[in-house]
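Note that the numbering used here gives residue 434 to position 102 of the sequence shown, counting from 1, and the numbers run on in steps of one.
We put the CB at the ideal spot given by N, CA and C, even for glycine.
Worksheet for the structure shown next.
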Amino acid sequence: MKRLNALAPNVEKYAADAKIAIMEDFAAEMEQKAPTGATLEYMHSFDADFIRNRPAQEQVGIQASKDKDAVGLFASFIWRFLEFGTAPHSTAKGGGTVAGKKAAADNPTGMHPGTPAQPHIFPNWRAAKPQAKKRLNAAINKAVREAMKK
333 MKRLNALAPN VEKYAADAKI AIMEDFAAEM EQKAPTGATL EYMHSFDADF IRNRPAQEQV
393 GIQASKDKDA VGLFASFIWR FLEFGTAPHS TAKGGGTVAG KKAAADNPTG MHPGTPAQPH
453 IFPNWRAAKP QAKKRLNAAI NKAVREAMKK
């Protein structure tokens, strides 16, 4: 990156602009493809932003990055329950503790049946990733071409 910045000083600016544009487009796509509930609240919770701007907010499937211009997809906390599903579990007071299991055995209505997985984020990102890489590379190439003309 140091050599690329020496060649084209605007490359990081162009790359950051491309990254946020890519993720904003993906967030809009996810609004269309996300599972809908009665309130549509989850569907409208998708948002793209720089990770540095939201250090404490829930991030969708992202790990720590050294990139100061890293961009993430942010959504409501329930994304992982929808994406991966849930196992049957006790909703009685005490939940999964021994007391909760005893309460669930006495009162089977306190059991949640679990939910099936509804994968929608990661399959769509894997499908969109090649096009996203092309857009990012095009932005970097544009910065290099501009620098070469000067």
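Asked, Found
"Using a Cβ-based criterion (distance less than 7 angstroms to any ligand heavy atom), does residue 480 qualify as near the ligand NAP?", "What this structure holds is no ligand at all, so the ligand NAP is not there to describe."
"By the three-class DSSP mapping on this structure, what secondary structure does residue 357 have?", "helix"
"Starting from residue 475, trace the alpha helix (DSSP H) in both directions and tell me its first and last residue.", "454-481"
"What residue from 382, 424, 406, 359 has the CA that sits closest to residue 460's CA?", "359"
"Is it buried or exposed for residue 362, if we count other Cβ within 10 angstroms and need 16 for buried?", "buried"
"Does the distance from the C-beta atom of residue 478 to that of residue 452 stay below 8 angstroms?", "no"
"Use the C-beta contact count for residue 397: other C-beta atoms within 10 angstroms, 16 or more gives buried, fewer gives exposed.", "exposed"
"Spell out the partners DSSP gives residue 381 in its beta bridges.", "404"
"Looking at the structure shown, is residue 362 part of a helix, part of a strand, or coil, going by DSSP?", "helix"
"When we look at the beta-carbon of residue 470 and count the other beta-carbons within 10 Å, is it buried (16 or more) or exposed?", "exposed"
"Exposed or buried, what is residue 406 when buried is set at 16 or more other beta-carbons lying within 10 Å of its beta-carbon?", "buried"
"What does residue 376 pair with, by DSSP beta-bridge criteria?", "None, per the DSSP bridge assignment."
"Determine the direct distance from the alpha carbon of residue 335 to that of residue 422, and round the result to whole angstroms.", "57 angstroms"
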